[in-house]
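S.K.: Protein chains in written order, with this note's numbering: chain A, 1 to 446; chain B, 1 to 497.
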Amino acid sequence: MTYIPHTDVERQQMLAAIGVTTIEDLFEAVPSTHRFPKLDLPAGVSEMEIAAEMLALSEANDHAQDFAIFRGAGAYHHFIPSALNHILLRGEFYTAYTPYQPEVSQGTLQATFEYQSMMCALTGMDAANASHYDGGTSLAEAVTVALEVSRHKRKKIVLSHAIHPQYRAVVRTYHQGNGVEITGDEGMASLAELTDLIDDNTALVAVAYPNFFGQIEDFSELVEKAHAAGALVAFVINPIALGLLKTPGSLGADIVVGEAQPLGIPLGFGGPYLGFFGVRKEYVRRIAGRIVGETTDKNGKRAYVMTLRPREQDIRREKATSNICTNQGLMALAAAIYLSLMGKHGLRKVAELCYHKAHYAADRIDALEGFDVDRSKPFFHEFVVKCPLPVAKINRALIDKGIIGGYDLSQDYPELENHMLVCVTEMNSKEEIDALVEALSEVNVQ
Amino acid sequence: MTEPLIYDQSVPGRTGVILPGCDVPETPLPTDLMRDDLDLPEVSELQVIRHFVRLSQLNMAIDTNFYPLGSCTMKYNPKINEDVARLPGFAHLHPLTDEEGAQGALAVMYELQRWLAEISGFDAVSLQPAAGAQGEFAGILMIRKYHLDNGHPERTKILVPNSAHGTNPATVSMAGLRVVELPSDEDGNVDLEALRRECDETVAGMMITVPSTLGLYERQILDVIQAVHDCGGLMYMDGANMNSQLGIVKPAELGFDVMHYNLHKTFSTPHGGGGPGSGPVAVTEKLAPYLPGPIVTIVEEPKDENDAPLYGFTMPEKSIGRLKVFHGNFGMHTRAYTYMRVHGAEGLREVARHAVLNANYVRVKLQDDYHIPYNRPCGHEFVLEGRFEGVDEVHALDISKRLIDYGYHPPTNYFPLIVNEALLIEPTETEDKQTLDGFVEAMKQIAKEARENPALLREAPHTAPVRRVDEVKAAKQLVLCCRPIPAPERAKNEQAS
Numbered sequence: 001m002t003y004i005p006h007t008d009v010e011r012q013q014m015l016a017a018i019g020v021t022t023i024e025d026l027f028e029a030v031p032s033t034h035r036f037p038k039l040d041l042p043a044g045v046s047e048m049e050i051a052a053e054m055l056a057l058s059e060a061n062d063h064a065q066d067f068a069i070f071r072g073a074g075a076y077h078h079f080i081p082s083a084l085n086h087i088l089l090r091g092e093f094y095t096a097y098t099p100y101q102p103e104v105s106q107g108t109l110q111a112t113f114e115y116q117s118m119m120c121a122l123t124g125m126d127a128a129n130a131s132h133y134d135g136g137t138s139l140a141e142a143v144t145v146a147l148e149v150s151r152h153k154r155k156k157i158v159l160s161h162a163i164h165p166q167y168r169a170v171v172r173t174y175h176q177g178n179g180v181e182i183t184g185d186e187g188m189a190s191l192a193e194l195t196d197l198i199d200d201n202t203a204l205v206a207v208a209y210p211n212f213f214g215q216i217e218d219f220s221e222l223v224e225k226a227h228a229a230g231a232l233v234a235f236v237i238n239p240i241a242l243g244l245l246k247t248p249g250s251l252g253a254d255i256v257v258g259e260a261q262p263l264g265i266p267l268g269f270g271g272p273y274l275g276f277f278g279v280r281k282e283y284v285r286r287i288a289g290r291i292v293g294e295t296t297d298k299n300g301k302r303a304y305v306m307t308l309r310p311r312e313q314d315i316r317r318e319k320a321t322s323n324i325c326t327n328q329g330l331m332a333l334a335a336a337i338y339l340s341l342m343g344k345h346g347l348r349k350v351a352e353l354c355y356h357k358a359h360y361a362a363d364r365i366d367a368l369e370g371f372d373v374d375r376s377k378p379f380f381h382e383f384v385v386k387c388p389l390p391v392a393k394i395n396r397a398l399i400d401k402g403i404i405g406g407y408d409l410s411q412d413y414p415e416l417e418n419h420m421l422v423c424v425t426e427m428n429s430k431e432e433i434d435a436l437v438e439a440l441s442e443v444n445v446q
Numbered sequence: 001m002t003e004p005l006i007y008d009q010s011v012p013g014r015t016g017v018i019l020p021g022c023d024v025p026e027t028p029l030p031t032d033l034m035r036d037d038l039d040l041p042e043v044s045e046l047q048v049i050r051h052f053v054r055l056s057q058l059n060m061a062i063d064t065n066f067y068p069l070g071s072c073t074m075k076y077n078p079k080i081n082e083d084v085a086r087l088p089g090f091a092h093l094h095p096l097t098d099e100e101g102a103q104g105a106l107a108v109m110y111e112l113q114r115w116l117a118e119i120s121g122f123d124a125v126s127l128q129p130a131a132g133a134q135g136e137f138a139g140i141l142m143i144r145k146y147h148l149d150n151g152h153p154e155r156t157k158i159l160v161p162n163s164a165h166g167t168n169p170a171t172v173s174m175a176g177l178r179v180v181e182l183p184s185d186e187d188g189n190v191d192l193e194a195l196r197r198e199c200d201e202t203v204a205g206m207m208i209t210v211p212s213t214l215g216l217y218e219r220q221i222l223d224v225i226q227a228v229h230d231c232g233g234l235m236y237m238d239g240a241n242m243n244s245q246l247g248i249v250k251p252a253e254l255g256f257d258v259m260h261y262n263l264h265k266t267f268s269t270p271h272g273g274g275g276p277g278s279g280p281v282a283v284t285e286k287l288a289p290y291l292p293g294p295i296v297t298i299v300e301e302p303k304d305e306n307d308a309p310l311y312g313f314t315m316p317e318k319s320i321g322r323l324k325v326f327h328g329n330f331g332m333h334t335r336a337y338t339y340m341r342v343h344g345a346e347g348l349r350e351v352a353r354h355a356v357l358n359a360n361y362v363r364v365k366l367q368d369d370y371h372i373p374y375n376r377p378c379g380h381e382f383v384l385e386g387r388f389e390g391v392d393e394v395h396a397l398d399i400s401k402r403l404i405d406y407g408y409h410p411p412t413n414y415f416p417l418i419v420n421e422a423l424l425i426e427p428t429e430t431e432d433k434q435t436l437d438g439f440v441e442a443m444k445q446i447a448k449e450a451r452e453n454p455a456l457l458r459e460a461p462h463t464a465p466v467r468r469v470d471e472v473k474a475a476k477q478l479v480l481c482c483r484p485i486p487a488p489e490r491a492k493n494e495q496a497s
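1. Tell me which residues share the same chain as PRO316 of chain B and place their Cβ nearer than 7 angstroms to its Cβ, disregarding the 5 neighbours each side in the sequence.
2. Give me, in chain order, the residues of the same chain whose beta-carbon lies closer than 8 angstroms to that of ALA491 of chain B; leave out the 5 immediate sequence neighbours on both sides.
3. PRO262 of chain A and MET332 of chain B look like a contact to me (Cβ under 8 angstroms); what is the Cβ gap, rounded to whole Å?
4. For chain B, is any of its Cβ atoms less than 8 angstroms away from the one on LYS156 of chain A?
5. Counting Cβ pairs, one atom from each stretch, are 3 or more of them under 8 angstroms apart for the region 210 to 219 of chain B and the region 11 to 30 of chain A?
6. Applying the criterion that 16 or more other CB atoms from any shown protein chain within 10 Å of the CB defines a buried residue, is ASN299 of chain A buried or exposed?
7. Using a threshold of 8 angstroms, state whether the C-beta atoms of LYS324 of chain B and ASP134 of chain A are closer than that.
8. Please report how far the alpha carbon of HIS78 of chain A lies from the alpha carbon of GLU47 of chain A, in whole angstroms.
9. Would you mind telling me which residues of chain B sit closer than 7 angstroms to TYR209 of chain A, beta carbon to beta carbon, in chain order?
10. Of all Cβ atoms in chain A, is any one closer than 8 angstroms to the Cβ of ASN493 of chain B?
11. Given a threshold of 16 other Cβ atoms within 10 Å of its Cβ, counted over all protein chains shown, does ASP529 of chain A qualify as buried or as exposed?
12. Measure the C-alpha to C-alpha separation of ASN150 of chain B and GLY139 of chain B and round it to an integer number of angstroms.
13. Starting from ARG302 of chain A and walking both ways along the beta strand (DSSP E), at which residues does that stretch end?
14. Sort A:ARG172, A:ILE182, A:GLU181, A:GLU221 by Cα distance to PRO196 of chain A and report the nearest one.
15. Can you list, in chain order, the residues of its chain whose CB lies under 6 angstroms from that of ARG11 of chain A, leaving out five sequence neighbours each side?
16. I'd like to know if the region 234 to 244 of chain B and the region 84 to 104 of chain B are in contact, where contact means that at least 3 CB-CB pairs between them fall below 8 angstroms.
17. If we ignore side chains and look at the alpha-carbon of each, how far apart do ALA189 of chain A and ALA162 of chain A end up?
18. Label THR58 of chain B either buried or exposed according to how many other C-beta atoms from any shown protein chain fall within 10 Å of its C-beta, with 16 as the threshold for buried.
19. Quick check: what's the CA-CA separation for LEU116 of chain B versus VAL125 of chain B?
20. At the level of alpha carbons, what is the spacing between ILE198 of chain A and LEU341 of chain A?
21. Note down the Cα distance separating THR297 of chain B from GLY312 of chain B, rounded to an integer number of angstroms.
22. With DSSP as the reference, please indicate the residues paired to ASP238 of chain B in a beta bridge.
23. Going by DSSP, what residue range makes up the beta strand (DSSP E) through PRO161 of chain B?
24. Using a Cβ-Cβ distance cut-off of 8 angstroms, determine whether THR213 of chain B contacts chain A.
25. Classify ARG317 of chain A as buried or exposed, calling it buried when 16 or more other Cβ atoms lie within 10 Å of its own Cβ.
26. With distances taken between CB atoms, is the gap from ALA83 of chain A to SER150 of chain A smaller than 8 angstroms?
27. Closest Cβ-Cβ distance between SER120 of chain B and chain A: below 8 angstroms?
28. Measuring only the C-alpha atoms, how far is LEU122 of chain A from HIS395 of chain B?
29. Mind checking whether VAL350 of chain A and GLY243 of chain A have CB atoms under 8 angstroms apart?
30. To the nearest whole angstrom, what separates the beta carbons of ILE404 of chain B and GLY386 of chain B, a pair I think is in contact under 8 angstroms?
31. Measure the beta-carbon distance from PRO37 of chain A to LYS250 of chain B and round it to whole angstroms, keeping in mind my assumption that it falls under 8 angstroms.
32. Apply the 10 Å Cβ neighbour rule to VAL180 of chain A and answer buried if 16 or more other Cβ atoms are within range, or exposed otherwise.
33. Taking C-beta to C-beta, are ALA68 of chain A and LEU353 of chain A nearer than 8 angstroms?
34. When we look at the beta-carbon of ARG451 of chain B and count the other beta-carbons within 10 Å, is it buried (16 or more) or exposed?
35. Within 8 angstroms (strictly less), CB to CB, does GLY258 of chain A reach chain B?
36. Does any CB atom of chain A fall closer than 8 angstroms to the CB of LEU423 of chain B?
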């Protein structure tokens, strides 16, 4: 009936070996008043039945294989090569746990080391950890690192409003108990206004690259002022965009965080995703989470092992700066496989396809009467469209035509009523884009 | 045999992916914003496949070996769960899909919340936390906020037994509260007298693992809970060991106020070489308004019995906030849902019963060869001491490494901290008697070897892909990345700082 292999005979043999009559006898220490409660759960079903039930539930969803999707806003529909999933389904990888025993975990350890290496190359950082839960928690952990670097003398964190709204919410959740001032994102402050907030009490300034609106901003003055004030600068990145754009390292970032879901991880209704965390060398001892380092075994053979372990909760306990234990290891493996398959040429090509298709879509939508694309700054694969109607209303019309429209920005920014954030990736064909444009033009007429 | 790094297999001009051409008119690229080089490998698809398949073969995993890693519940991960999680309607569903278009996913989350509440006896559940540690963090933040809202900012002390997982004290510090560590008594239980001495008006709560990290049900758990409640504190249960409580006892009925689950332990979602996990948090009615959100609720009741309810996301009214972007590790929710449906109520109770049967069987079989410090009926795991009288040079670590030679993944080493040379052994219910007998035989053999030829243990493993790994060297040389940052970028870096 389930995955328990015991036969009646074996159960009896085992009970006899233990010296008890029934399994119930083993639970004597559980308060008898509360032992063996009734569980009001549905009865068990066969594998055949659960497969059918889950198929039906899954098909009750409007998903990106049935719809043309133009929604991003922190989760992106990209091509995932078949080879990736085949490797991910190797039981040797996905049914192992944290590589506490390096001698029997070299596969996980070397793959993680390669993930760290490729992500460092992509971002221009010196070191990366083996992952955080997602982009939002990575940013929250970046705040912790900056507070630690300032030895908790600095108490102010400056966040750009153009960082994903949910990332900023996560930062506030994480830091509600430690007396930190989080500022900068209350309204729609310009970069210059954000820069003015930086002072000698500022531990960290965080910006997004490209930002939540898909735009690429010039942070040079902000970075200069932050460093002059002794603050650290964190860049929240989209890894696909870095197939094309200058590295945050070359632009002065001290910490780079972000959501690495676009690197071979499906939309999956929001998780499991992959929180990337990279830093310059001088801060590596301050970062949380697992880190894999190269070493040798006793015979001098190259080997990998989790390193800088004394930072972590299981050793440092209440003095640890983070409680993270289980991370998103398998997702880091997915990213490592993705970056290996794509490589130097493939990632660049994906980034270019996103760029060209998004710009083609923007040009066409901008030409529609009543629609206005924000072209005040360069953008990568997402752009803001001012619409003639509420976005929710437009999206209801689009869904009937098999299109999942852009993200309704008024949900997070009251200033952006009737503003849609449109995302176009390599997955959107010209045909789909043209259909979107056509549908939008009809929406306006109605 | 060493597998070369993927970078070292690179050949200029090669690629491992077949991509389409551009079907729209091209826009000039923003050259002033662009990078000069992209230092990624250049390898073929076959090279990538062979590389990672070879790497996989250097691992031990549940699918290849018995993996009795205590406190991690390394049970079999059913394959159907992987298929379900990859159904297009789940795998390709955008997290910001309008709620009407995500009813299937929301139904899964709603039911999972309900079942987790039923199993634990709690009133409400949030699936937001990505792992057990994040579930703990949610729980402690809720306790903190509850006291603040009730006008008790002075309640800043969280009591934590010295047998606790390291995540417990680390969580307390992260939440801005203060840890007070409690000693254990000679039976491995919380020292009740010491607990009562600490119970005052500054107590915010207590975190405790049930069964304890020694794998034991504390006979006095009701007294512990009573003492903390009497001084106005709340009780947090670390649910790491929930595998021995399914249908055995409901933590809320014992008096707990909040707990977290580990779906990757109790409900078989794969451990993934370190993660992802999922750490739902369950609470009583009084803490429900503080849950991290959003959670799934019924927005519109069904009109008649053939109709389905309309599900939607809701932010609990006094929520501690959002712990994660989007809705938690949904891929783990679908797997856990599948696992729970296959078992049903009776099947889940059988899981706990057999997990406990297996652990006790191994414990009794090893009690003549190893010192088992708290040798009484245990839960789903037990601790033995990895040392032998008169053989001082052999440590728990040596036994672990020698087990590798016999084809077993080692147990958890040196935890809990209150046992010398601890080896924490958790067989799980999915292992058959033959496997357990084989493991017992290997352990007995190792006990013999320790006395006759300790060097065999000290030098182990002999058959693994690498011999003992030099951790000190790793920390000293700190090679964390195999790529140098290109010189021009480095120069800009230095200029910027």
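Yeah, the Cβ is synthetic: ideal placement off N, Cα and C, and Gly gets one too.
M.R.: On the basis of the supplied data:
1. ALA288, PRO289, TYR290, LEU291, GLY293, ILE295
2. Reliability of the predicted coordinates at ALA491 of chain B is poor, the pLDDT of 49 falling under 50, and the value obtained from them is presented with this limitation in mind. Result list for ALA491 of chain B: empty, nothing under 8 angstroms.
3. Between MET332 of chain B and PRO262 of chain A the Cβ distance is about 20 angstroms, and since that is not below 8 angstroms, they are no contact.
4. no
5. yes
6. exposed
7. yes
8. 31 angstroms
9. Chain B residues near TYR209 of chain A: none, gap ~10 angstroms exceeds 7 angstroms.
10. Note that ASN493 of chain B scores 47 on pLDDT, short of 50, meaning its location in the model is unreliable; the coordinates nonetheless yield the value given after this. By this cut-off, ASN493 of chain B is an interface position.
11. No answer is possible for residue 529 of chain A: the residues shown for chain A start at 1 and end at 446.
12. 17 angstroms
13. 302 to 306
14. As written in the sequence, residue 196 of chain A is Asp, which differs from the Pro given in the question. ASP196 of chain A has its Cα closest to that of A:GLU221, out of A:ARG172, A:ILE182, A:GLU181, A:GLU221.
15. none
16. no
17. 9 angstroms
18. Note on residue identity: the sequence assigns Leu, not Thr, to residue 58 of chain B. So LEU58 of chain B ends up on the buried side.
19. 7 angstroms
20. 42 angstroms
21. 6 angstroms
22. B:THR209, B:HIS260
23. 157 to 161
24. no
25. buried
26. no
27. no
28. 43 angstroms
29. yes
30. Not quite, the Cβ-Cβ distance comes to about 14 angstroms (not below 8 angstroms), so this is no contact.
31. 5 angstroms
32. buried
33. no
34. exposed
35. no
36. no
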